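Undergrad: Pasting in a structure now, in structure tokens, and then I'll have a few things to ask.
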Amino acid sequence: MEAVRSRYLPLQPAEDSVKKRFPAYRRASYDAAGAARTHQLKLTSNPLQRGIRKTMTLSCQVESGEANDVGVFWFRHLKSATSPESIVYLSATKKPTYKDQKSGNDRFIPNASGSTFTLDIKEFDEKDQGTYYCLINKNSVLHISPGYQLIYTEVATPKPKSTKPPPAATTDPGDPCNCGP
1 MEAVRSRYLP
11 LQPAEDSVKK
21 RFPAYRRASY
31 DAAGAARTHQ
41 LKLTSNPLQR
51 GIRKTMTLSC
61 QVESGEANDV
71 GVFWFRHLKS
81 ATSPESIVYL
91 SATKKPTYKD
101 QKSGNDRFIP
111 NASGSTFTLD
121 IKEFDEKDQG
131 TYYCLINKNS
141 VLHISPGYQL
151 IYTEVATPKP
161 KSTKPPPAAT
171 TDPGDPCNCG
181 P
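Okay, so the sequence shown: first residue is 1 according to UniProt numbering, each after it adds one.
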């Protein structure tokens, strides 16, 4: 009896299968005619000077396809959290909508220019550590960037060297002339 060959591929973990078929930042979408199109999102950041609170800028760029009339969501998964949290949504008309209208508006500033979306994080510090993502909404299809991990590292400041003058000379009680050195 001849062995029957299965026409099905062996099962693989979903994560491995998806990674083989798509790069981490590539997601397929379809236009109205059903033709497959690919949008690529690239997420980058400016270097952070250690130990200095300053503005951190994340940049999310649409590498292919048009980015006109696109809204962008910014969200993050903090190291201490169990699930991601929304930071802000920037509409195609460049109107920001914050998760919490009472706080965050002064620290997280979204912007858009052409096919590049940025998020400025003012006074980036330890509590902001985590993985950040941008997500665009193009023709009701969501495209997510790969995560970009931001880590805040304090630099230990070395102790300053002592600038005290050497101790003053004292007289020795056993010195008969009490002359000192």
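The beta-carbon is built from N, C-alpha and C at its ideal position, and this holds for glycine as well. What you are looking at is a predicted structure, and each value in this text was computed from that prediction instead of being measured.
Could you give the C-beta distance for F75 and Y133, rounded to a whole number, given that I count them as a contact under 8 Å?
TA: That pair is a contact at about 5 Å.
Undergrad: Check for me: the beta strand (DSSP E) holding F138 runs from which residue to which?
TA: Reading off the sequence shown, one finds Lys at residue 138, where the question assumed Phe. First-last of the beta strand (DSSP E) with K138: 130 to 138.
Undergrad: Short of 8 Å in beta carbon distance, which residues of its chain neighbour T55, apart from the five on each side in sequence? Order them along the chain.
TA: Excluding sequence neighbours, T55 sits near D120, I121, K122, E123, F124.
Undergrad: How long is the line joining the alpha carbons of V141 and Y98, rounded to whole angstroms?
TA: One C-alpha to the other measures close to 21 Å.
Undergrad: Count the other CB atoms within 10 Å of the CB of K138; is the residue buried (16 or more) or exposed (fewer)?
TA: It counts as buried.
Undergrad: As a quick exercise: from I144, G147, E126, Y148, pick the residue whose alpha carbon is nearest that of S80.
TA: Of the candidates I144, G147, E126, Y148, the one whose C-alpha sits nearest the C-alpha of S80 is E126.
Undergrad: For K127, does the three-state DSSP call read helix, strand or coil?
TA: Looking at K127 - three-state DSSP - the assignment turns out to be helix.
Undergrad: What are the boundary residues of the beta strand (DSSP E) that includes G120?
TA: It is Asp, not Gly, that sits at residue 120 in the sequence shown. Here the beta strand (DSSP E) through D120 covers 116 to 121.
Undergrad: Straight-line CA distance for T116 to V62?
TA: Roughly 6 Å separates the two Cα atoms.
Undergrad: So the candidates are K161, K164, I144, P165; which of them puts its Cα closest to the Cα of L43?
TA: Minimum Cα distance to L43 is reached at I144.
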